[in-house]
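First residue of the sequence shown: 295, per the working numbering; consecutive thereafter.
Glycine is no exception: its CB is placed at the ideal position from the N, C-alpha and C atoms.
Here's the structure we're looking at; comments come further down.
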Amino acid sequence: MKSISFILIAVWMLSSSCSNTNKDLSREEAMNLIKQETNYPKIVDYDIFCGDPEFAKKVLDAGLETQGLLTVQRTQKLSDIGKPIIEFSSKAQPYLLPTPEQDKSINVQKVKLAEEELKEVTGIKMMNDGKSAVAEYTTIYKNVTPFSTLVNTDFKKEDTHQANFGLYDDGWRLEN
């Protein structure tokens, strides 16, 4: 009788330990899932409105013409209305991004400001149900371009983000 109870207890312990799929999400696994599901490194871009006089003033104030990245036409004839007053130099070519035809038709050019890269997962909070978790991670900016002066973003600081995960029968999945 003792041997049967011992065998039953052993079988129960073995089966309960094998069926425990409720594993915690590790930082490494969270990092790998975030890399797979998101598009890091991300290009941070910006639209330059080449036909807008107010925008021309903005690029002048940012010193982009002084740096030789573009030229701003200071005067415009009546026949030139609607044509670009901001023209990019060859020095700006590495920062110019593909722009949709619809945007080009209204004199808009996309430029690269920086690249946002995933740095690290800084923490994971497991929810009470054991089947969901929130990971906090940081990103940094690299390859910051001269055009970054057009926006009020501090490209030197790390940004903190959150990602939600759910535990499925095949493992953890990113849910946001």
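State the DSSP-derived secondary structure class of residue i, mapped to helix, strand or coil.
i	result
Lys329	helix
Ser426	strand
Leu444	helix
Leu319	coil
Phe300	Note that Phe300 scores 47 on pLDDT, short of 50, meaning its location in the model is unreliable and no value can be drawn from it.
Gly465	strand
Quick check: the Cα distance between residue i and residue j, rounded to an integer number of angstroms?
i	j	result
Val366	Leu391	20 Å
Lys371	Asn333	44 Å
Leu364	Asp397	19 Å
Glu424	Asp318	It is worth fixing the name first, because residue 424 is Gly in this sequence and not Glu. Spanning the two alpha carbons is a distance of roughly 7 Å.
Val353	Gly362	12 Å
Ser320	Leu412	16 Å
Asn446	Asp464	43 Å
Cys368	Glu410	Note that residue 368 is Arg in the sequence shown here, rather than Cys. Whole-angstrom Cα-Cα distance: 35 Å.
Ile375	Thr439	30 Å
Ile342	Lys451	24 Å
Ile400	Gly345	8 Å
Glu381	Glu348	15 Å
Glu322	Phe449	26 Å
Glu395	Val402	9 Å
Ser383	Asp453	32 Å
Asn470	Ser426	12 Å
Report, in whole angstroms, the separation of the C-beta atoms of residue i and residue j, which I expect to be a contact under 8 Å.
i	j	result
Leu468	Glu331	4 Å
Ala408	Ile379	Actually they are not in contact, since the Cβ atoms of Ala408 and Ile379 sit about 26 Å apart, beyond 8 Å.
Val415	Met325	5 Å
Lys404	Thr393	5 Å
Lys406	Phe441	7 Å
Ile328	Tyr462	About 17 Å; that fails the 8 Å criterion.
For chain C, is any of its Cβ atoms less than 8 Å away from the one on residue i?
i	result
Asn458	No chain C appears in this structure, which consists of one protein chain only.
With a cut-off of 8 Å, do at least 3 Cβ pairs link the segment 422-435 to the segment 328-346? yes
So within the segment 340-411, which uninterrupted beta strand (DSSP E) runs reach at least 3 residues, ignoring any that extend past its ends? 364-366, 380-382
How do the segment 454-465 and the segment 355-366 stand: do at least 3 beta-carbon pairs fall below 8 Å, yes or no? no
Please confirm if the segment 415-424 is in contact with the segment 380-390, defined as three or more CB-CB distances below 8 Å between the two stretches. no
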